[in-house]
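Before any comments, here is the structure.
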Amino acid sequence: MRKKFGISKLEKSPGIPSRVTNQIIDLITKGILKPGDKLPSEHEMTNLFGISRISLREGLKVLEARGYIESHERRGKFVKSMFDDLRTPMIDHLSVSQESMWELIYVWRILDAEAAALAANNATLEQVKQIKQLFKEARKIGLSKIIIAPKGIIIYTHFFELLANTTGNTVFVHLSKTMTDILHEYFPIVRERLSTISGISKNIVTQLRKISDAIEKQKSELARIATIDHINYIEKSLKIVLEEI
Numbered sequence: 001m002r003k004k005f006g007i008s009k010l011e012k013s014p015g016i017p018s019r020v021t022n023q024i025i026d027l028i029t030k031g032i033l034k035p036g037d038k039l040p041s042e043h044e045m046t047n048l049f050g051i052s053r054i055s056l057r058e059g060l061k062v063l064e065a066r067g068y069i070e071s072h073e074r075r076g077k078f079v080k081s082m083f084d085d086l087r088t089p090m091i092d093h094l095s096v097s098q099e100s101m102w103e104l105i106y107v108w109r110i111l112d113a114e115a116a117a118l119a120a121n122n123a124t125l126e127q128v129k130q131i132k133q134l135f136k137e138a139r140k141i142g143l144s145k146i147i148i149a150p151k152g153i154i155i156y157t158h159f160f161e162l163l164a165n166t167t168g169n170t171v172f173v174h175l176s177k178t179m180t181d182i183l184h185e186y187f188p189i190v191r192e193r194l195s196t197i198s199g200i201s202k203n204i205v206t207q208l209r210k211i212s213d214a215i216e217k218q219k220s221e222l223a224r225i226a227t228i229d230h231i232n233y234i235e236k237s238l239k240i241v242l243e244e245i
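The opening position of the sequence shown corresponds to residue 1 in UniProt numbering, with each subsequent residue numbered one higher.
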């Protein structure tokens with residue numbers, strides 16, 4: 001039986017559900033399973049583990065109760081960020097406090113500048129290919145529509161998720177996932193106002209391409225600087241439009 005996400009068969013013994021739980025937690029901790037990854041179907045996992053559906057369901061219930069995974073109706077079960085519980089309170093806080101937005105951007109700048117530098121040192125050819133693929137997707141929706149198109153914010157946040165995935169640091173990946181989820185939820189609130197800034201969508205794509213090019217050329221300091229410049233641009237743009245509210 002082939003492995004999937006590193007899942008391996010369990011020997012028949014007492015405590016099977018807890019061993020299911022421990023194996024999946026181990027895969028999450030090692031970064032083999034990342035935030036947002038969909039778990040195999042129940043049928044697949046019973047075959048991969050070599051256990052009954054009852055034992056599997058008990059193990060998955062524990063994982064869900066402990067906050068490692070979450071269920072989406074008709075879509076399946078997904079790995080959660082270990083910082084996911086911060087997301088809703090942060091979104092609520094951002095909606096009533098602009099100062100929190102600048103604090104969030106401050107942290108975002110530190111995290112992703114370092115992620116970009118690490119990506120330049122660590123990214124595989126496949127990871128670079130995944131990053132470059134996003135620019136093809138951006139062209140399909142129109143480079144001038146990134147800030148306003150619903151898929152634009154998905155491409156944008158996915159870019160930073162891919163950067164985090166290259167670091168090899170599980171905590172970094174989970175923290176970055178929570179950060180991009182917060183941005184994904186907050187940016188639609190202000191994107192119409194941001195779209196009034198002349199050339200912002202094309203500027204964003206150009207800036208992300210500079211980060212991507214630096215990563216591909218393995219220029220870590222250039223990647224860091226390009227990321228800082230980009231986030232500074234977003235911060236400046238937000239300050240312009242939010243001052244008008």
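For glycine and all other residues, C-beta sits at the position ideal for the given N, C-alpha and C. If you're wondering where the values come from, they're calculated on a predicted model, not measured in any experiment.
Collapsing the DSSP output to three states places Ser71 in a strand. By the Cβ-count criterion, Ser176 is buried, with 16 or more other Cβ atoms from all chains shown falling within 10 Å of its own Cβ.
Straight through space, the alpha carbons of Val79 and Phe49 are spaced by roughly 18 Å. A Cβ-Cβ separation of about 13 Å leaves Glu58 out of contact with Pro14 under the 8 Å criterion. Proximity of the segment 181 to 190 to the segment 202 to 214 falls short of the contact definition, fewer than three beta-carbon pairs being nearer than 8 Å. Inter-segment contact for the segment 114 to 123 and the segment 162 to 174 is present: three or more beta-carbon pairs are separated by less than 8 Å. Counting every other CB atom within 10 Å of its CB across the protein chains shown gives Asp112 a total of 16 or more, marking it as buried. Counting along the chain, the unbroken beta strand (DSSP E) around Lys77 starts and ends at 76 to 79. When Cβ pairs closer than 8 Å are counted between the two stretches, the segment 36 to 44 is seen to touch the segment 66 to 80, the count reaching three or more. At least 9 Å separates the beta-carbon of Ile51 from that of Ile24. Secondary structure at Ile7: strand, using DSSP grouped into helix, strand and coil. Per DSSP, Asn165 is one residue of the alpha helix (DSSP H) stretching across 150 to 165. Leu60 counts as buried, since at least 16 other C-beta atoms from the protein chains shown sit within 10 angstroms of its C-beta. In the assembly as shown, Val107 is an exposed residue. Its beta-carbon has fewer than 16 other beta-carbons within 10 Å. In the DSSP assignment, Ser201 falls within the unbroken alpha helix (DSSP H) covering 200 to 216.
Excluding sequence positions up to five before and after Ile231, its CB lies within less than 8 Å of the CB of Ile105, Trp108, Arg109, Asp112, Ala113, all in the same chain and listed in chain order.
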